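Following: one structure in structure tokens, then a few remarks.
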Amino acid sequence: MPTAYDVDREQLAVLLSGEPAYRVQQVWDGLYRRVVWPEAMTELPARLRADLGEWLPAALQPSVERSADGGDTVKWLWGLHDGALIETVLMRYPDRATVCVSTQAGCAMACQFCATGQGGFRRHLSVGEIVEQVARAVAAARPRRLSNVVLMGMGEPLANFDRVWPAVLRLVRDMGISARHVTVSTVGVVPGIRRLAGTGVPVNLAVSLHAANDERRDQLVPINRRYPLNTLVDACAEYVHRTSRRLSFEWALIADVNDGAADAVELAAIARPLGAHVNLIPLNPTPGYPVRGSQPDVVRGFRDRLLRLGVNATIRSTRGVEIDAACGQLAARGGSGTAGAGGRYENTGAGGESGDADAAGRHGAAVTRRGPGTRPSLSVSAALPVAAITGNPQQEHRLGEQDLVP
Ligand code: SF4
Numbered sequence: 005m006p007t008a009y010d011v012d013r014e015q016l017a018v019l020l021s022g023e024p025a026y027r028v029q030q031v032w033d034g035l036y037r038r039v040v041w042p043e044a045m046t047e048l049p050a051r052l053r054a055d056l057g058e059w060l061p062a063a064l065q066p067s068v069e070r071s072a073d074g075g076d077t078v079k080w081l082w083g084l085h086d087g088a089l090i091e092t093v094l095m096r097y098p099d100r101a102t103v104c105v106s107t108q109a110g111c112a113m114a115c116q117f118c119a120t121g122q123g124g125f126r127r128h129l130s131v132g133e134i135v136e137q138v139a140r141a142v143a144a145a146r147p148r149r150l151s152n153v154v155l156m157g158m159g160e161p162l163a164n165f166d167r168v169w170p171a172v173l174r175l176v177r178d179m180g181i182s183a184r185h186v187t188v189s190t191v192g193v194v195p196g197i198r199r200l201a202g203t204g205v206p207v208n209l210a211v212s213l214h215a216a217n218d219e220r221r222d223q224l225v226p227i228n229r230r231y232p233l234n235t236l237v238d239a240c241a242e243y244v245h246r247t248s249r250r251l252s253f254e255w256a257l258i259a260d261v262n263d264g265a266a267d268a269v270e271l272a273a274i275a276r277p278l279g280a281h282v283n284l285i286p287l288n289p290t291p292g293y294p295v296r297g298s299q300p301d302v303v304r305g306f307r308d309r310l311l312r313l314g315v316n317a318t319i320r321s322t323r324g325v326e327i328d329a330a331c332g333q334l335a336a337r338g339g340s341g342t343a344g345a346g347g348r349y350e351n352t353g354a355g356g357e358s359g360d361a362d363a364a365g366r367h368g369a370a371v372t373r374r375g376p377g378t379r380p381s382l383s384v385s386a387a388l389p390v391a392a393i394t395g396n397p398q399q400e401h402r403l404g405e406q407d408l409v410p
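Written out as structure tokens, the structure reads:
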């Protein structure tokens with residue numbers, strides 16, 4: 005059965021074929037402009053609201069919710085109809101909010117250091133499952149405006165292009181989110197980058213690079229064996245040329261793996277000609293890849309080296325290491341992650357910081373479970389224990405600086 009945000013206008017018109025024609029627009033506006041469930045569309049007759057509640061069910065069943073900073077940062081683990089688990093992260097700022105959404109249940113890209121990749125691929129998310137994550141965030145962010153959407157959660161967005169792109173168009177055209185405030189991440193799926201460049205919709209592109217030579221990237225990011233750096237760089241150049249949007253590279257700093265002076269030089273040689281911004285993230289360790297993230301002084305040194313080489317670079321924060329806050333870790337444990345204090349990396353200023361760091365957890369953690377069959381709601385329960393840490397997604401699936409610009 006299609007869910008509320010899976011149906012398109014034509015399908016909605018079929019569902020409402022016995023109703024006055026204007027009902028289609030009313031319901032569509034309710035879902036996308038007001039962002040409410042049918043039961044709250046009080047302009048509709050009660051019997052129609054009840055019918056719509058059955059015809060347009062929610063896709064996401066709340067499973068676990070963690071929050072931090074008095075609720076300013078929230079991480080949800082959602083159960084889907086087939087038992088798959090996905091994660092969504094909302095970051096609230098004083099006058100706006102950003103959401104990071106998943107695009108697949110699991111991931112087939114098998115990046116060496118990623119909890120989601122270590123768990124394997126389950127399936128693509130549907131359009132409705134992607135859009136509803138944003139709808140939930142819109143509601144939970146109120147009274148703030150949800151200004152930014154980043155597709156950097158679980159999964160490789162461009163491997164699910166046929167569902168991701170219609171979802172993005174719904175967000176831009178129907179929900180009213182600016183394309184310039186939507187960021188699509190990729191680990192380097194070159195055909196997807198070229199398709200994205202051809203859409204004519206100026207979303208941002210964030211490429212998870214992590215290594216700037218093929219030998220090392222083949223190890224860290226196996227998709228590189230299929231689309232090596234020269235083809236990836238060509239696709240990035242085409243994207244920048246055709247869209248005039250700024251490109252960002254994500255770089256998870258791994259101690260003694262990709263944090264040396266030679267790595268910075270190689271990275272600069274790729275990033276500078278493209279005018280790409282580099283986001284540096286000390287790696288969050290995962291059980292399947294027991295290495296260390298780079299130490300803070302090494303991270304700062306790497307950033308400074310990039311700056312001297314003419315590359316704009318920013319250090320990102322890490323959060324929630326102790327509570328599986330990185331992308332895929334909560335889902336990998338089926339939501340049974342243990343509570344603890346939020347890990348935090350000290351941000352340093354010279355490269356320019358983002359508000360993302362301000363939302364990092366500084367409190368103890370708590371986990372709230374909701375039983376199966378709980379009526380879905382587009383609002384976050386105020387009764388939930390607060391003062392828990394949530395996480396930004398894992399290393400390379402981080403928010404780029406531009407994603408946080410209001
Ligand atoms: S880092 Fe991203 S693309 Fe790589 S395995 Fe994890 S979710 Fe997939």
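Quick note on our numbering: the sequence shown kicks off at 5 and runs consecutively.
Where is the CB? At the ideal position from N, CA and C, for every residue including glycine.
Every value quoted in this text rests on a predicted model; they were computed, and no experiment measured them.
- Of the candidates L310, I319, D260 and P147, the residue whose Cα lies closest to the Cα of R296 is D260.
- The beta-bridge partner set that DSSP reports for I227 is empty.
- In this chain, the alpha helix (DSSP H) harbouring T247 covers L233 to T247.
- Of the residues A272, A268 and V186, the one whose Cα lies closest to the Cα of R249 is V186.
- When the alpha-carbon of L287 is set against those of A275, P300, G279 and R276, the nearest one is in P300.
- Burial of R70 is indicated by the presence of at least 16 other C-beta atoms within 10 angstroms of its C-beta.
- Uninterrupted alpha helix (DSSP H) stretches at least 4 residues long and entirely within the segment 79-167 occur at 119-123 and 131-145, given in chain order.
- In terms of Cα proximity to L213, the closest of P206, Q223 and V205 is Q223.
- CA-CA distance, R53 to V135, rounds to 21 angstroms.
- The straight-line gap separating the alpha-carbon atoms of D166 and T107 is approximately 11 angstroms.
- For the 9 angstroms CB-CB criterion, L150 and W169 do not form a contact.
- DSSP places A275 in the uninterrupted alpha helix (DSSP H) bounded by A265 to L278.
- For W32, same chain residues with a beta-carbon under 8 angstroms away, outside a window of 5 residues either side, are R13, L16 and D178 in chain order.
- Each of C111, M113, C115, C118, T120, G121, E160 and V191 has a C-beta closer than 5 angstroms to some heavy atom of the ligand SF4; these make up the full list, in chain order.
- For W41, there is no enclosing alpha helix (DSSP H), since its DSSP letter is neither H nor E.
- Fewer than three beta-carbon pairs drawn from the segment 78-98 and the segment 194-209 are found closer than 8 angstroms, and the two stretches are therefore not classed as touching.
- For A119, the closest of R312, Y293 and F306 by C-alpha to C-alpha distance is Y293.
- Distance from the Cα of A88 is smallest, within the candidate group R38, L60, L129 and V303, for L129.
- Here A275 has F253, V282 and V315 as same chain residues with Cβ atoms under 7 angstroms from its own Cβ, once five neighbours each way along the sequence are excluded.
- The three-state reading of DSSP puts R37 in coil, since its state is none of H, G, I, E or B.
- Secondary structure at G297: strand, using DSSP grouped into helix, strand and coil.
- Between L35 and L60, the C-beta spacing is below 9 angstroms.
- By DSSP's assignment, V186 forms a beta bridge with V153.
- Here the alpha carbons of I90 and P206 stand approximately 27 angstroms from one another.
- Linking C111 to G124 through their CA atoms gives a straight-line distance of about 5 angstroms.
- Assignment of E47 by DSSP, reduced to helix, strand and coil, places it in the coil class.
- By the neighbour-count criterion, in which a residue is buried when 16 or more other Cβ atoms sit within 10 angstroms of its Cβ, Y231 is buried.
- Annotated three-state conformation of E58 is helix, per DSSP.
- Cβ neighbours of L162 within its own chain (closer than 6 angstroms, five residues either side excluded): T190, V193 and G196.
- Boundaries of the beta strand (DSSP E) harbouring I285: H281 to P286, taken from the DSSP string.
- With fewer than 16 neighbouring CB atoms inside 10 Å of its own CB, V269 falls in the exposed class.
- A distance of 9 angstroms or more separates the beta carbons of V39 and V105.
- Ranking I285, V131, L278 and A239 by CA distance to the CA of L173 puts V131 first.
- Beta-bridge partners of F306 (DSSP): none assigned.
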